[in-house]
Structures are given as C-alpha cells and as structure tokens.
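Numbering of the sequence shown is given in my numbering, commencing with residue 1 and proceeding in unit increments.
For each residue, glycine too, the CB sits at the ideal point set by N, CA and C.
Down below is the structure, laid out as structure tokens.
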Amino acid sequence: MHPLKTVFITSINISIAWKNLADEKCILKFAADFIANSVKVAKDKNLFPDYIYQNYAAKDSKVFDGYAAKNHDRLRQIKAKYDPTGIFCKLQPGYFKP
C-alpha cells in the first residue's frame with residue numbers, strides 16, 4: 001500500500017472562445033502550450049502530483065498514468081468481470097476508458 005500523504009491540487013480549466021474557425025488551430029495550440037508549460041514548471045518545482053482530474057482533462061491527456069499500476073490493473077479486472085462485452089464503455093460518453 002502507498003502511505004497516505006497530503007497533496008494540494010490546483011485545477012486549471014482553460015475556457016477560450018473565438019469566432020473565426022480559421023483561428024482554431026492557433027487557439028488550441030496556445031491552450032496546449034499553456035498546459036504543457038504549466039505542468040513543466042510544476043514538475044521542475046516537484047509540485048506536480050501526477051494526477052489529472054478526468055473531467056477537466058484534454059482528449060490527449062494520459063489520465064491513467066496518475067493511477068498506481070495496481071489500481072489501474074484492478075479497474076481492468078473489474079471491467080472484464082462485470083462488463084466483458086464493453087457495453088458500459090461504449091455507452092458511457094467521454095474519452096477515458098479503463
């Protein structure tokens with residue numbers, strides 16, 4: 001087991017709006033760069049908890065990397081036992097499936 005420890009997590013939700021579809025690529029790159037730079041600063045200062053809150057995560061975020069391997073394996077075992085055909089994951093909206 002992992003010892004319990006107190007960590008402080010700051011949730012940053014970037015909300016950007018734009019009118020011109022031609023600007024989308026530039027805007028999305030800005031948001032991705034902002035997040036990447038923020039994560040780098042936090043990691044450099046040893047303040048990044050390796051946990052990404054799924055509800056605010058971008059599509060390409062590796063949310064399960066923050067889970068202990070044992071816990072992620074357990075989620076997969078439960079999924080295989082109770083939902084062998086994967087119907088819940090197919091019907092459940094969202095990007096992240098265990």
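Worksheet item: Span of the alpha helix (DSSP H) holding Tyr82?
Response: Sequence index remark: in the sequence shown, residue 82 carries index 82 (1-based). Note, Tyr82: alpha helix (DSSP H), 69-82.
Practice prompt. Kindly list the residues whose CB is nearer than 8 angstroms to the CB of Lys97, restricted to its own chain and excluding five residues on each side of it in sequence; keep chain order.
Written response: As a first step, residue 97 must be located in the sequence shown, where it is residue number 97. Once the five neighbours on either side are set aside, the close Cβ partners of Lys97 are Cys89.
Worksheet item: Would you say the region 49-57 touches the region 75-84, given that touching needs at least three Cβ pairs under 8 angstroms?
Response: no
Fill in: 8 angstroms contact criterion, which Ile9 and Trp18 should meet: CB distance rounded
On the sequence shown, residue 9 is found 9 positions in, with the first residue counted as 1. On the sequence shown, residue 18 is found 18 positions in, with the first residue counted as 1. Going by Cβ atoms, the distance from Ile9 to Trp18 rounds to 29 angstroms, so no, they are not a contact pair.
Discussion item. Assuming the contact rule is C-beta atoms closer than 8 angstroms, Phe30 and Val39 should be a hit. Round their C-beta distance to whole Å, please.
Written reply: What you label residue 30 is simply residue 30 of the sequence shown in a count that begins at 1. What you label residue 39 is simply residue 39 of the sequence shown in a count that begins at 1. Actually they are not in contact, since the Cβ atoms of Phe30 and Val39 sit about 15 angstroms apart, beyond 8 angstroms.
Practice prompt. Would you identify the three-state DSSP class for Met94, choosing helix, strand or coil?
Written response: Start at 1 with the first residue of the sequence shown, and residue 94 comes out as number 94. Reading the sequence as shown, one finds Gly at residue 94 and not Met. DSSP places Gly94 in coil when its eight states are reduced to three.
Worksheet item: In whole angstroms, what separates the C-alpha of Ile87 from that of Lys70?
Response: Residue 87 sits at position 87 when you count from the first residue of the sequence shown. Residue 70 sits at position 70 when you count from the first residue of the sequence shown. So the alpha carbons of these two residues sit roughly 24 angstroms apart.
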